[in-house]
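For the protein sequence lines, the chains are A and B, in the order given.
For any residue, its number in our numbering is found by taking its place in the first sequence, counting from 1, and adding 49.
For any residue, its number in our numbering is found by taking its place in the second sequence, counting from 1, and adding 1.
Cβ atoms here follow ideal geometry from the backbone N, Cα and C, with glycine treated the same way.
Please read all numbers here as calculations on a predicted model, not as lab measurements.
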Amino acid sequence: MTAVSTSGPAYPAASSQLRRLALPLPWLATAALPLFLPGYEPLATQILVMIVFALSLDLLVGYAGIVTLGHAGLFGMGAYTAGILSVYGITDPLLTAGCAMLVAAATGLVFGWAMLRTKDLTLLMLTMASAFLLYEIANKATWLTGGEDGLQGVNFSSLFGTFAFDFRGITAFYYSLAVLFVVFLAVRALIASPFGWSLRGIRENSARMAAIGCPILKRRVIVYVISAALAGLAGALQAQATQFVALYSLSFELSGNILIMLILGGSGRLYGAFIGVPAFMFAQDLLAKQDPANWFLGLGIILIVLVMLAPGGILGIAERVMAAIRRRRGAA
Amino acid sequence: MTTAITILFFGIAYGMILYLISVGLSVTMGLMNIVNLAHGVFAMLGGYITVTLMNHLGVPFLLALAAGCVLVAILGFVLERLLYRHLYGRSELDQVLFSIGLIFVSAALARIAWGPLAQPIELPDYLKGQVEFLGLELPTYRLALVGFGFAVIAGLWFGFDRTLFGARIRATVNNREMAQSVGIDTDRLFALAFALGTGLAALGGGLGADVLAIAPTYPLQYIIYFLIVVAVGGLGDIKAPFLAAILIGLADTACRYFLPEVGAIFIFAFVFVVLIWLPAGIMQWRRS
Numbered sequence: 050m051t052a053v054s055t056s057g058p059a060y061p062a063a064s065s066q067l068r069r070l071a072l073p074l075p076w077l078a079t080a081a082l083p084l085f086l087p088g089y090e091p092l093a094t095q096i097l098v099m100i101v102f103a104l105s106l107d108l109l110v111g112y113a114g115i116v117t118l119g120h121a122g123l124f125g126m127g128a129y130t131a132g133i134l135s136v137y138g139i140t141d142p143l144l145t146a147g148c149a150m151l152v153a154a155a156t157g158l159v160f161g162w163a164m165l166r167t168k169d170l171t172l173l174m175l176t177m178a179s180a181f182l183l184y185e186i187a188n189k190a191t192w193l194t195g196g197e198d199g200l201q202g203v204n205f206s207s208l209f210g211t212f213a214f215d216f217r218g219i220t221a222f223y224y225s226l227a228v229l230f231v232v233f234l235a236v237r238a239l240i241a242s243p244f245g246w247s248l249r250g251i252r253e254n255s256a257r258m259a260a261i262g263c264p265i266l267k268r269r270v271i272v273y274v275i276s277a278a279l280a281g282l283a284g285a286l287q288a289q290a291t292q293f294v295a296l297y298s299l300s301f302e303l304s305g306n307i308l309i310m311l312i313l314g315g316s317g318r319l320y321g322a323f324i325g326v327p328a329f330m331f332a333q334d335l336l337a338k339q340d341p342a343n344w345f346l347g348l349g350i351i352l353i354v355l356v357m358l359a360p361g362g363i364l365g366i367a368e369r370v371m372a373a374i375r376r377r378r379g380a381a
Numbered sequence: 002m003t004t005a006i007t008i009l010f011f012g013i014a015y016g017m018i019l020y021l022i023s024v025g026l027s028v029t030m031g032l033m034n035i036v037n038l039a040h041g042v043f044a045m046l047g048g049y050i051t052v053t054l055m056n057h058l059g060v061p062f063l064l065a066l067a068a069g070c071v072l073v074a075i076l077g078f079v080l081e082r083l084l085y086r087h088l089y090g091r092s093e094l095d096q097v098l099f100s101i102g103l104i105f106v107s108a109a110l111a112r113i114a115w116g117p118l119a120q121p122i123e124l125p126d127y128l129k130g131q132v133e134f135l136g137l138e139l140p141t142y143r144l145a146l147v148g149f150g151f152a153v154i155a156g157l158w159f160g161f162d163r164t165l166f167g168a169r170i171r172a173t174v175n176n177r178e179m180a181q182s183v184g185i186d187t188d189r190l191f192a193l194a195f196a197l198g199t200g201l202a203a204l205g206g207g208l209g210a211d212v213l214a215i216a217p218t219y220p221l222q223y224i225i226y227f228l229i230v231v232a233v234g235g236l237g238d239i240k241a242p243f244l245a246a247i248l249i250g251l252a253d254t255a256c257r258y259f260l261p262e263v264g265a266i267f268i269f270a271f272v273f274v275v276l277i278w279l280p281a282g283i284m285q286w287r288r289s
């Protein structure tokens, strides 16, 4: 049963073996990055954190078909939980990350349970309103969050009591990479599981899924809670890597940006986050510093063109090119 | 008592601006069945045209408003024909991304053309100062705003209820296939309704330039308020959004006055509860 339901078209055996061997290569290459590009660790860490965040969003947008414009609300809950705990003296990175996941998951449970009964525009509005609500609370509760100035005095102790978060960001980089690897394996296992397939079924036709006895609301709430926990983990990583938490981590801007990064790479494809996030963040790092107007102009045009001409993002384009090549080979 | 009336008055003026900008969004989203986050773009553009014509070319206020309204309506018509019509029937996600893209492009262009700072509006003399009304000193501009708003609304409601064009819109919102089969040219209707909606947004943007400041961040900053009006009011209608807009204008003004430390928290919590309770907006409550 499970053997049949692997994703994608069937490849010849040799090619699949090659793929299995090639899988660790990008991870090893990334791990060697500080040797080749010293000084880029903070940016690379940011990218890794955002990939974790984008993966959590892909579960909702790509697999469960839940479009949300408020995912930063959950990311920010994680970031503020970890940050505030550290201010009050609980500074262990793994413990605070765990707490951040719990708080974000609980937030996701409350909001998800309430929101996921609705659909279409109402659901979209609710996801937006939920994140705006959290943003405004953090904005006004200055005694707890520092408000617009951001959370001051964030300081985490060493990882496993040995690796301090250093000035160059080496520890933060390898820590984020390790977390991303674990999250990647977890998400890959999840989407390959029967639960993952039932999500795709709900996305494609929820009426039919309900007819064959699938508890739609329950499944949607469960995936929302899982996604919230992972988003909260990404938020905690961000707080630990930068030793700071700002209101941006709850903002609509971040909710929009992460959605754009995911779509740019290709949603519902697992690897979309790995393509879209670096592409977006490198471009932003290069262009936005010079002139924010040009960056937004370019980004806007790319979005419009993407929707009009290339649904499926960068991976979608690659898939179509590959299909065309295969067809030509088959014809020859 | 004075405070209550002042809040009532400011709340209604604010709600009026929200309504003028959002009513077109409600109609087009219900009519074409799309999600459009970029409606604020047209209000911003209307504001920029009005302010620029007045401050730099000395055009009278009302003429500048009309020019902004007409120019933006033409732009809306063109954009509907060129871009928006390709989105009908596409996924909600595509529509969201497209409209975010449109927001980015227009905000960037506005920043290049007018700079990052807000454009202050230089009101004509007859709208400055205060007027005594029911024993209260009320700002003339807001009083004119409310009066002007009611005049536009009267025209709009008459058009929606009593003209053939209004009847066609109501029919198409209700059942598009049936409307097409009785010979309504829905393609043309979409373009005209879109032009009308964007024109009204431009009018609201220009008229409200002193309430919602005209800056490149405008479409992103106020998007949530326009969408709240539409979601709370319900899609495809022009009366329920009025109730929603006034309600939100009043609630927001009262909350900012009495509980400044709560700020906008109340309004988002309120919207959240309303939408959970009545997913199709307050129209649903009237029907049930």
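Run down chain B in chain order and give the residues with a C-beta less than 8 Å from the C-beta of residue i.
| i | result |
| --- | --- |
| Lys189(A) | Glu262, Val263, Gly264, Ile266 |
| Phe181(A) | Ile225, Ala265, Phe269 |
| Gln368(A) | As written in the sequence, residue 368(A) is Glu, which differs from the Gln given in the question. Under the 8 Å cutoff, chain B gives no residues; its nearest Cβ is about 18 Å from Glu368(A). |
| Pro91(A) | What Pro91(A) touches in chain B: nothing, since even the nearest Cβ is about 26 Å away. |
| Val110(A) | Leu94 |
| Pro360(A) | Asp95 |
| Met174(A) | Leu228, Ile229, Ala232, Val272, Leu276 |
| Phe216(A) | Those within 8 Å of Phe216(A) in chain B number zero; the least Cβ separation is about 33 Å. |
At a Cβ threshold of 9 Å, is residue i touching chain A?
| i | result |
| --- | --- |
| Arg91(B) | yes |
| Ser23(B) | no |
| Ile247(B) | no |
| Ala252(B) | no |
| Met30(B) | yes |
| Val231(B) | yes |
| Val106(B) | yes |
| Ala97(B) | What sits at residue 97(B) in the sequence shown is Val, not Ala. Interface residue, yes. |
| Pro280(B) | yes |
| Ile283(B) | no |
| Leu110(B) | yes |
| Leu58(B) | no |
| Leu221(B) | yes |
Determine, using beta carbons only, whether residue i comes closer than 9 Å to chain B.
| i | result |
| --- | --- |
| Ser316(A) | yes |
| Gly138(A) | no |
| Asn254(A) | no |
| Ala259(A) | no |
| Ala342(A) | yes |
| Gly321(A) | no |
| Val232(A) | no |
| Met330(A) | no |
| Leu282(A) | no |
Can you pull the chain A neighbours of residue i, defined as C-beta to C-beta under 9 Å?
| i | result |
| --- | --- |
| Leu103(B) | Gly349, Leu352, Ile353 |
Given that residue i touches chain B, what residues does it touch there, using C-beta distances under 7 Å?
| i | result |
| --- | --- |
| Leu169(A) | First, the amino acid is wrong: residue 169(A) is Asp here, not Leu. The answer, in chain order, is Glu93. |
| Glu185(A) | Gly264, Ala265, Ile266, Phe269 |
| Ile312(A) | Leu98 |
Is it buried or exposed, residue i, if we count other Cβ atoms within 10 angstroms and call 16 or more buried?
| i | result |
| --- | --- |
| Gly57(A) | A caution first: Gly57(A) carries a pLDDT of 45, below 50, which makes its placement in the model unreliable, though a value can still be read off. It is exposed - the Cβ of Gly57(A) has fewer than 16 other Cβ atoms within 10 Å. |
| Gly90(B) | exposed |
| Phe273(B) | buried |
| Gln339(A) | exposed |
| Phe227(B) | buried |
| Met371(A) | exposed |
| Ser304(A) | buried |
| Ile261(A) | exposed |
Going by C-alpha to C-alpha distance, which of the options sits closest to residue i?
| i | options | result |
| --- | --- | --- |
| Thr199(B) | Gly16(B), Thr3(B), Tyr15(B), Ser27(B) | Ser27(B) |
| Ala342(A) | Val272(B), Leu80(B), Ala114(B) | Ala114(B) |
| Ser105(A) | Gly88(A), Ile96(A), Arg375(A), Phe124(A) | Phe124(A) |
| Glu93(B) | Leu266(A), Thr117(A), Pro83(A), Gly202(A) | Thr117(A) |
| Gly250(A) | Gly361(A), Arg318(A), Gly114(A) | Gly114(A) |
| Arg86(B) | Ala192(B), Leu236(B), Pro280(B) | Ala192(B) |
| Phe99(B) | Cys70(B), Val275(B), Leu276(B), His40(B) | His40(B) |
| Leu137(B) | Phe10(B), Leu38(B), Phe269(B), Ile268(B) | Phe10(B) |
| Trp76(A) | Leu352(A), Asp169(A), Phe230(A) | Phe230(A) |
Note down, in chain order, every chain A residue with its Cβ under 8 Å from the Cβ of residue i.
| i | result |
| --- | --- |
| His87(B) | Met357 |
| Ala203(B) | In chain order: nothing, as chain A lies at least about 20 Å away. |
Give me the chain C residues within the contact set of residue i, using Cβ-Cβ distance strictly less than 8 Å, ordered along the chain.
| i | result |
| --- | --- |
| Ala178(A) | Chain labels in this structure do not include chain C; the protein chains are A and B. |
Show which residues of chain A have a CB atom less than 7 Å away from the CB atom of residue i.
| i | result |
| --- | --- |
| Ile113(B) | Ala342 |
| Val36(B) | Leu170, Leu173 |
Which runs of the alpha helix (DSSP H) spanning at least 4 residues fall entirely within the region 173-242 of chain A, listed in chain order?
-> 191-194, 219-241
Start-end ranges of the alpha helix (DSSP H) lying completely within the region 72-129 of chain A, minimum 4 residues = 73-80, 82-85, 90-107
What runs of the alpha helix (DSSP H), each 4 residues or longer, lie entirely inside the region 127-180 of chain B?
-> 141-163, 165-175
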